[in-house]
Structures are given as structure tokens and as C-alpha cells.
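Colleague: Provided herewith is a single structure, encoded as C-alpha cells, for subsequent inquiry.
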Amino acid sequence: MSTAAPVLHGESPKAPPSYLQAGHTIKSWLLTGDHKRIAVLYLISVSVFFFFGSLAASMIRIELVSPRGVMLESDTYNKVFTAHGIIMIFFFLIPAIPAVLGNFLLPIMIGARDLAFPRLNLLSWYLYVAGGLCGVLAIAFGGVDTGWTFYTPYSSMYSNTNVTLTIIGAFIAGFSSIATGINFIVTVHKMRAPGMTWFRLPLMVWGSYATSLIIVLGTPVVAITLLLVVMERVFHIGVFSPELGGDPVLFQHLFWFYSHPAVYIMILPAMGVINEVITCFSRKRIFGYHFIAFSSLAIAGLGFLVWGHHMFVSSQSMYQGMVFSLLSYLVAVPSAIKVFNWTATIYKGSVRFQTPFLYVLGFMGLFVVGGLTGLFLAAMSTDVHLTDTYFVVAHFHYVMAGSNLIALLAGMHYWWPKMYGRLYNKKLAAISSALIFVGFNLTFLPQFVLGSRGMPRRYFNYLPQFQDLHVASTIGSWVLAAGLFLTAAYLLASFRQPKGMAANPWGGRTLEWETTSPPTTHNFEGQPVLQHGPYDYRPEPAAVGVKELAH
Amino acid sequence: MNFPLMPDQASNFARPYDALFFVLTALTILFTILVGALVLFFAVRYRKGSRVDRSGAVESHLGLEITWTAIPLLLGLVMFWWAAKLYVETRQPPKDAMEVFVIGKQWMWHLQHSNGVRENNELHVPVGVPVRLTMISQDVIHSFFVPQFRIKQDVLPGRYTQQWFVASKPGKFNLFCAEYCGTQHSEMGGYIYAMPPQEFQKWLASGGDKKRPNQPTMADLGKALYDRLACANCHGPQDTERGPSLYGLYGAKRRMTDGTVVEADASYIRESIKNPYAKINESYQNTMPEYRELTEEDLLNLLAYIRTLGTAKAPGPVLGNAGPAQIGGANR
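Here the protein sequences come in this chain order: A and U. If you read the first sequence in the working numbering, its first letter stands for residue 86, the second for the next number, and so on. If you read the second sequence in the working numbering, its first letter stands for residue 518, the second for the next number, and so on.
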């Protein structure tokens with residue numbers, strides 16, 4: 086053991102200004118290399134896209150109150166659900182947790198000053214904004230009506246809408262993802278503080294690492310595929326259209342080769358957040374650390390081998406389908422392992438029912454339902470009836486939308502004091518977490534029944550027998566919206582609270598809590614050196630786990 | 518029950534499908550309650566400040582990890598196998614199935630019985646008789662979905678796909694397009710009418726709803742087209758220098774100029790008419806004109822006629838091994 090006394094940065098009297106105070110000009114934000122400032126930029130832009138994606142969702146829900154529509158034309162309806170899907174998936178769900186929480190926390194959690202390539206990180210954000218602007222322009226110039234899946238030959242030969250511009254937007258945003266993924270991978274490999282071995286990494290870092298692997302391996306495939314759609318639209322090269330000698334199903338293979346793993350891009354960081362929050366608010370070291378870490382890698386690997394389960398009725402061969410179905414059942418197992426380990430973490434803990442933990446409870450509920458209903462769709466024969474119905478819509482909203490959003494909220498509430506040095510109104514936070522959970526379930530549970538009763542998705546008009554459940558779903562969406570507005574309101578109101586709260590209000594035992602809240606530009610004064618792994622929640626933990634060397 | 522989870526059971530697939538569906542539903546509810554109850558129970562029991570025994574908590578336990586890996590895995594494998602078995606049945610139509618031809622286009626369904634009776638957005642079928650649908654799209658991808666039958670199959674442009682069913686009770690059932698296909702996607706539907714067999718035969722013989730008895734069959738229409746296009750100039754009863762005979766072509770194996778061997782199924786013959794240079798028979802040249810202007814309906818009629826010229830594998834359904842999707846057929 087070293088004889089140097091451990092130092093808590095929050096108590097350092099001459100701490101340099103926080104990253105928020107390190108410069109006040111707009112330029113100091115737009116040209117920053119600081120991963121924390123870039124995370125804030127992402128938080129703002131991702132929130133803007135989330136707002137517009139939600140607006141589109143509300144229009145869909147209002148429209149479906151009546152079987153013959155309320156205010157939109159069928160063409161407009163198709164454009165609205167397409168906008169909802171594209172905005173939410175490419176510009177909210179995929180970047181949200183990695184680019185906001187990952188960007189902010191990953192370097193601090195491993196004891197680094199920044200990501201490996203700070204300027205590349207800033208470039209990622211600009212690419213994201215540029216891609217997003219293309220998407221916004223495509224909508225402003227009349228929209229796009231292909232659905233976020235861009236199935237050919239509809240997208241490449243038949244749609245008269247702004248497919249090309251939208252795809253260019255998604256293409257550019259893809260490179261933003263890739264750059265972030267590379268940055269994370271290199272950072273985890275090369276920037277860990279002394280003593281931060283692989284198995285001392287917080288599980289959030291494992292989740293981000295596994296996500297980055299998927300991003301780097303998968304995104305180029307969808308980028309090229311989407312580009313081929315544009316080439317077929319513009320230059321009539323025959324790749325996907327049978328009229329030009331192409332194969333429309335080839336597109337589905339290439340598209341889902343990325344877009345199924347993309348689901349894991351959305352859920353793995355979410356799981357990472359849940360790990361951190363659950364162990365902190367149970368005051369107990371996470372159960373089965375190694376199993377959770379390796380299950381993330383297993384999901385990342387197996388996730389690439391299951392894309393064909395989107396295509397059981399698309400003319401794929403029966404034997405091919407069987408392989409995909411079997412592998413889909415295998416990829417469910419690592420997720421189950423995580424859920425059971427989380428449950429075991431709470432056992433004999435000392436649970437604090439604070440806001441972030443309330444969101445964890447919500448996450449567990451939504452994720453278990455979402456995951457298990459996935460098994461209906463991985464099973465070949467039930468998929469025949471359920472695919473392309475509202476059952477699928479409900480399922481993927483539970484896994485990627487609900488679980489991801491709720492994990493993001495859990496993380497935002499957990500790290501809000503870390504990011505901004507302020508606390509929000511806990512009572513309002515508890516109310517809105519309940520509203521969001523109830524609202525989400527009220528919105529999407531009825532959609533499972535709609536789907537199993539045979540209501541196809543992407544329908545503007547529908548049979549009157551489905552109306553009751555649609556109305557219930559729409560009412561649920563209003564409850565959900567109320568919860569989200571309330572959250573936005575009290576989080577913004579927290580900026581009027583005085584600062585000067587404790588650096589570590591939750592008693593977290595990972596490295597990010599060992600520095601000031603909000604942190605300084607370089608995260609730590611001096612170089613942290615790890616003495617042991619994360620999550621030492623024993624009543625009398627070993628020193629802070631960090632010892633600082635002088636500069 | 519006033520709150521059904523499923524639509525009516527109206528085909529041979531509905532009952533076995535629903536059994537699997539309800540077992541999966543039961544497992545979902547069971548595990549959701551199990552995890553939910555454990556999480557809530559532990560969280561409340563071990564809340565901060567509660568005076569309960571917290572001794573002996575461990576950080577990992579190999580036995581537990583193996584248990585909760587193995588149980589979901591085994592249950593999953595059982596579900597996989599069960600579902601795969603049912604799926605295989607849905608992909609293997611009986612050889613004596615009644616044939617119906619489906620053309621999907623933005624935004625309607627066009628259906629044709631082999632005796633020439635045509636329907637739009639409606640399909641009449643007999644109860645208790647296997648029906649095989651051979652389907653193709655004229656434009657984008659559609660999907661033929663009948664919830665009460667628990668069947669769904671994408672309908673692709675450029676190649677045939679198929680599915681089959683036995684209607685198990687008379688009635689009027691929904692037909693939907695399940696693959697998004699543009700502006701009026703949600704309007705692209707209709708009804709399946711399942712009728713008692715005798716009634717159906719009467720309906721069919723009298724020319725269907727349009728009451729046009731003794732109309733030409735699909736094969737008759739195909740022959741007329743074959744004559745009008747003078748196909749026989751090159752494809753007569755014997756192979757000529759210009760082209761191989763089509764007698765006995767159906768289901769035969771043909772060697773191509775690039776050495777590959779192709780089974781002459783419906784999709785292959787269709788392609789050879791529309792785009793003859795895609796695959797060229799060994800010892801022939803690319804001298805045939807492309808008949809791109811033929812509609813999907815023309816092509817189905819031609820195929821029906823070519824089928825009457827004899828098949829390599831008798832007896833078989835008209836579009837025997839339709840589609841590269843083939844889906845078990847080629848291996849039977």
C-alpha cells in the first residue's frame with residue numbers, strides 16, 4: 086500500500102473552475118474538444134430531435150383515434166410515421182445514451198482526461214447535426230413516405246418523396262456513429278488509468294465498449310446499402326429492383342444485418358446505465374460482474390447472426406429461417422442472465438427508493454415484457470401471424486423505445502448532479518417516473534392485443550373492431566407525454582437551484598464520483614490510480630479507491 | 518370470452534398456432550410476474566433502514582448463474598423446435614391442393630382460379646380442401662395476410678412465392694396487405710369467402726360472381742397467347758436450332774451455358790420469357806426477343822399452358838415448384 090493519503094477532489098480548496106465555467110463564449114462551446122461539453126451539445130440536439138419525433142408520434146396517435154382518420158390524408162400519415170421512425174431511431178435512440186452519457190462518463194469512469202480523439206469527437210457531433218439537418222430538410226421539402234425501413238423496390242423505384250435526401254442524412258449520421266464507436270474503443274483500450282484493469286471497468290464501460298464494436302462493424306454495411314438505394318433511384322443501376330435485374334429481398338438482408346444489431350446498439354448502453362444505478366441504490370456490489378460483462382459481448386457477437394428472423398415470411402428458405410430462429414433464441418439468454426443478476430443484486434442490499442432507482446424498476450418491467458414478447462417473433466410459426474402487425478410495433482417499442490428511454494432517464498437523474506452540480510425536485514421526479522411508466526404501458530400494452538387480433542401496422546384506415554384499443558393507446562400516449570413534459574420542466578427548473586451540493590450525493594463508488602461535480606475540464610487533478618474495482622458498497626469501504634499522483 | 522386475444526380460428530393452422538401462442542403468453546406472464554415480484558419483494562424487504570438479516574450476501578454464485586442460464590436456454594430450445602415444426606407444415610402444401618393464382622399490385626389483389634374465373638379483392642374457396650396460392654407482385658412488395666387463417670406470405674415482384682391453407686369453416690374472413698406498399702396500403706384488402714364444397718363447385722362452374730360460365734381456362738388463354746406470339750416457331754414439339762422444345766420442360770433440369778444446372782420451375786420459365794438472357798440453355802444462343810410487355814397475368818396463363826405440354830415430374834400442381842423461395846418443395 087502506498088502511504089500517500091487519498092484525496093477527494095470535491096474537498097480540494099483550490100480546484101480549477103468546472104468544465105461549465107471554463108469558457109462562456111459560444112465559440113468555446115462549438116469548438117470545444119472537451120468530451121463533457123460535447124456531451125452537453127449532444128444532449129441539447131438529441132432532445133430537440135426527441136421532441137419532434139414525439140410530436141410525430143402524437144400526431145399518429147391522434148389520427149388513430151378514429152378508424153377513418155381525424156385530420157391527416159393517408160399520404161401525410163405515411164410521411165408522419167416515417168418521420169417518427171427515422172427521427173427516433175437514427176437521431177435519438179442510437180445516439181442518445183452513447184453520445185450523451187457515454188461521452189460524458191466514459192473517460193471519467195476509466196480515469197482519463199478525455200476521449201482518445203477529442204477533435205474526432207467534435208467532428209462526430211457536427212456530422213450528427215449535418216445528418217439531422219438533411220433529415221429536417223427532407224421533411225420540410227415535403228417529407229418521405231417509405232417507413233424507416235426503406236424497403237425496396239418501393240423506396241428505390243416507386244416512392245415520389247424525398248428518399249434520396251433522407252438517406253443522405255442517415256448516411257452522414259452513420260459516420261458520426263462510426264467515429265464515436267472508434268473513439269470509444271480506442272479510449273477503453275489505451276486510456277485507462279493505472280490500476281484500471283479490464284475487470285475493474287464499471288459495467289457501463291463494458292456496455293459502451295460492446296456497443297462500439299457493433300457500431301463499427303455494422304454501420305458501414307447499412308451506409309453502403311442505403312447508398313445503393315440512392316444509386317438505383319438516381320442512376321437506375323439494378324441492385325434491388327427486379328425490373329432492372331436486381332433482387333428486392335437482398336435489400337432486406339443487408340438492411341437487417343445492421344438494423345437488427347442496431348437494436349443492441351440501443352439496448353446495451355441502456356443496460357450499462359442500469360448496472361450502475363442498480364448497484365449504487367442497492368448499496369451492494371453488483372452480482373455476477375463477469376457474467377454481466379461477458380453477456381454484453383455475447384449479445385454483441387450473436388446479435389450479428391440473427392437478422393433473418395425479420396424475414397420468415399419474405400421468401401427466405403425454410404432452413405435458413407430455422408438457423409436464424411435458433412440463434413435468436415440463443416441471443417435471448419444473455420439478456421435473461423443480466424435480468425437475473427440485477428435481481429440478485431437487490432437481494433440483501435440496502436435499497437434507496439430515489440428517482441434513478443424508480444426508473445430502474447420501470448426498466449426491469451418494460452425490458453422483461455419487451456424481451457419475452459420478442460420470443461413470439463423469434464418463433465417461426467407465431468411470427469407468421471404476428472409479423473408486420475401491431476404486435477411487432479408494441480414489442481419493439483418496449484425493448485428499444487421504452488427500455489432505452491427509461492434507462493436514459495435513470496441515467497440522467499443519476500448523473501444530473503454530476504453533470505450540472507444541481508439537484509432536481511425529487512417529488513416531481515417521482516410523480517413523473519410513475520406517469521411515464523403507466524403512460525408507456527397504457528400506450529403499448531393494447532397494441533400487443535391489436536396485433537395478435539390481426540391489425541397490420543402502418544395502416545391509416547382500420548376496421549372499426551380495433552377502435553377501442555386504439556383509443557386506449559392514444560390516452561396512454563397523453564399520460565406518457567404529461568410525464569415527459571413534467572420531467573423536462575423540473576430538470577430545467579433545477580438550473581435555478583443553488584449549486585454547492587455535495588460532489589457525491591448518492592454515495593456512488595465508481596471513479597466519476599471521485600471528482601468534483603461538475604468536474605473540471607481535465608476531470609481529475611493529477612492522475613488517478615486505482616486500488617481496487619468499482620462498486621465497493623460495504624459499510625466501511627476501502628479508502629476512496631483512488632490515489633492521486635502529483636502532476 | 519369478451520376479450521379475445523386472437524381472431525376466429527378458421528383454418529387448419531389456427532388451432533396449433535394458437536396453442537403455441539398461448540403457451541408463449543403463459544411463459545411471458547409467468548416470468549414477468551416472477552421477476553417483477555422478486556424485484557419488488559427484495560427492494561421493499563431490503564429497503565434502507567429495514568431490520569432484516571443481510572448476512573451471507575455474495576457477489577457471485579456459479580451454481581445460480583448456470584441455473585438461470587440453463588432454464589431459459591432449455592425452454593427456448595423447446596419453443597424454437599415446436600414453432601419450427603409448425604412452420605415447416607405451413608410451407609409444405611399437399612400435392613393435390615386446389616390452385617389459385619394471386620397478383621398483387623398497388624393497391625388491389627387480383628385472384629384467378631385455374632378454370633379462368635377471376636376475382637378482385639375477394640377470394641372464394643371451398644371448406645375442407647387444401648388451397649395453394651401462387652403469388653407474384655406487379656410492382657412493389659405486398660404481403661397476403663389472412664388473420665383468421667394465421668397465414669401471411671410476402672408477395673414479391675419478379676418471382677413467385679406460395680402459401681397454402683385449408684379453410685376449416687364457412688364464413689367471410691379478412692384479407693389484408695401486411696407489407697407497407699405506399700399511399701393506399703391500408704386500403705389494399707378484401708375478403709376470403711369459405712364455402713361448403715358443393716356450393717363452391719357450383720359457384721366456380723357458373724363463372725363466379727360475374728356469372729360467365731364456360732369461359733376459357735387459364736391454359737386456354739395461355740395457348741391463345743402462345744399462338745399469337747408465335748412461340749411455336751422456335752419452341753415446337755421438337756428441339757430446333759433456334760430453341761429447345763418446351764414439351765416436358767416443367768420441373769426438368771436444364772444445363773446452362775455457364776455450366777450450372779437449373780430446375781425449370783415457374784420462376785425460371787417466367788424469367789426466360791421476360792428476360793431470356795439471364796440464363797441461356799447450353800448449346801443455344803441469345804437469339805430470343807425479350808417479352809417485357811407481358812403482364813403478370815399473361816405470364817401465369819402462359820405457364821398454365823406450358824404446364825399442359827407435360828412435366829418432368831408427373832403428377833404435380835400446375836406451378837409445382839414455384840419460386841426460388843422454395844420452401845421445401847424442391848426437396849420433396
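The beta carbon of each residue, even a glycine, is placed where N, CA and C say it ideally should be. Because the structure is a prediction, the values reported are computed rather than measured.
(1) Please report the residue range of the alpha helix (DSSP H) in which glycine 406 of chain A lies.
(2) For chain U, is any of its Cβ atoms less than 7 Å away from the one on glycine 434 of chain A?
(3) Would you please verify whether the beta carbon of isoleucine 431 of chain A is less than 7 Å from any beta carbon of chain U?
(4) Taking CB distances under 7 Å as the criterion, tell me whether tyrosine 243 of chain A reaches chain U.
(5) When the Cβ atoms of the region 129 to 142 of chain A are set against those of the region 151 to 161 of chain A, are three or more pairs found closer than 8 Å?
(6) Following the continuous beta strand (DSSP E) through tyrosine 343 of chain A, name the residue where it begins and the one where it ends.
(7) With a threshold of 8 Å, are at least 3 pairs of Cβ atoms found where one atom belongs to the region 600 to 609 of chain A and the other to the region 621 to 630 of chain U?
(8) Pairing CB atoms from the region 460 to 468 of chain A with CB atoms from the region 563 to 582 of chain U, are three or more of them under 8 Å?
(9) Just grab the DSSP bridge partners of lysine 689 of chain U for me.
(10) Could you work out which residue in A:Val358, A:Met356, A:Ile363, A:Val306 is closest to leucine 335 of chain A when comparing CA atoms only?
(11) Apart from the five residues just before and just after serine 297 of chain A, which ones in its own chain have a Cβ nearer than 7 Å to its Cβ?
(12) What first and last residue would you give for the alpha helix (DSSP H) that runs through phenylalanine 57 of chain A?
(13) Is proline 624 of chain A close to chain U? Criterion is C-beta to C-beta, closer than 7 Å.
(14) What does methionine 523 of chain U touch in chain A if you count any residue whose Cβ is under 9 Å from its own?
(15) Please determine if the region 593 to 610 of chain U and the region 398 to 406 of chain A are in contact, where contact requires at least 3 C-beta pairs separated by less than 8 Å.
(16) Using a Cβ-Cβ cut-off of 7 Å (strictly less than) and excluding sequence neighbours within five positions of leucine 554 of chain A, which residues of its own chain qualify?
(17) Glutamine 755 of chain U bridges to which residues according to DSSP?
(18) So with Cβ pairs under 7 Å, would you call glutamine 526 of chain U a contact of chain A?
(19) Any beta carbon from chain A within less than 7 Å of glycine 675 of chain U's own beta carbon?
(20) For the candidate residues U:Trp681, U:Glu813, U:Lys622, U:Gln732, whose alpha-carbon lies nearest to that of methionine 705 of chain U?
(21) Can you pull the chain U neighbours of methionine 449 of chain A, defined as C-beta to C-beta under 8 Å?
(22) With a threshold of 7 Å between beta-carbons, can isoleucine 465 of chain U be considered close to chain A, or not?
(23) By DSSP, does glutamate 599 of chain A sit in helix, in strand, or in coil?
(24) Using a Cβ-Cβ cut-off of 6 Å (strictly less than) and excluding sequence neighbours within five positions of tryptophan 392 of chain A, which residues of its own chain qualify?
(25) Could you check whether phenylalanine 372 of chain A and threonine 458 of chain A sit closer than 7 Å to each other, using their CB atoms as the reference points?
(26) Can you round the beta-carbon distance between aspartate 656 of chain U and proline 643 of chain U to whole angstroms, since I take them to be within the 8 Å contact cut?
(27) If you pair each beta-carbon of the region 787 to 794 of chain U with each one of the region 714 to 722 of chain U, do three or more pairs fall below 8 Å?
(28) Compare the beta carbon distance of proline 541 of chain A and phenylalanine 693 of chain U with 7 Å and say whether it is the shorter of the two.
(29) To the nearest angstrom, how far is the alpha carbon of proline 192 of chain A from that of leucine 200 of chain A?
(30) Counting only Cβ pairs nearer than 9 Å, list the residues of chain A close to isoleucine 790 of chain U.
(31) Determine which residues share a DSSP beta bridge with alanine 684 of chain U and list them.
(32) State the Cα-Cα distance for the pair proline 287 of chain A and phenylalanine 558 of chain U, rounded to the nearest angstrom.
(33) How should leucine 520 of chain A be labelled, buried or exposed, when 16 other C-beta atoms within 10 angstroms of its C-beta is the threshold for buried?
(34) Would you be able to state if there are at least three C-beta pairs under 8 Å between the region 444 to 454 of chain A and the region 354 to 363 of chain A?
(35) Going by other Cβ atoms of all chains shown within 10 Å of its Cβ, with 16 needed for buried, is asparagine 780 of chain U buried or exposed?
(36) In whole angstroms, what is the alpha-carbon distance linking leucine 547 of chain U and phenylalanine 284 of chain A?
Modeller: Taking the geometry as given:
(1) 403 to 431
(2) yes
(3) yes
(4) yes
(5) no
(6) No beta strand (DSSP E) holds tyrosine 343 of chain A; the alpha helix (DSSP H) holding it covers 333 to 367.
(7) no
(8) no
(9) U:Tyr710
(10) A:Val306
(11) Gly266, Phe269, Ile270
(12) Outside the displayed span of chain A (86 to 636) sits residue 57 of chain A, for which this structure offers no information.
(13) no
(14) His470, Ser537, Arg538, Gly539
(15) yes
(16) Pro531, Val534, Leu535
(17) In the DSSP output, where bridge partners are listed per residue, glutamine 755 of chain U has none listed.
(18) no
(19) yes
(20) U:Lys622
(21) Val552, Gly553, Val556
(22) The displayed coordinates of chain U run from 518 to 849. Any statement about residue 465 of chain U would go beyond what the structure contains.
(23) helix
(24) Trp341, Phe342, His345
(25) no
(26) No, aspartate 656 of chain U and proline 643 of chain U are not in contact; Cβ-Cβ is about 31 Å, not under 8 Å.
(27) no
(28) yes
(29) 6 Å
(30) Under the 9 Å cutoff, chain A gives no residues; its nearest Cβ is about 14 Å from isoleucine 790 of chain U.
(31) U:Ser528, U:Val644
(32) 27 Å
(33) buried
(34) yes
(35) Rather than asparagine, the amino acid found at residue 780 of chain U in this sequence is glutamate. The residue is buried, with at least 16 neighbouring Cβ atoms inside 10 Å.
(36) 34 Å
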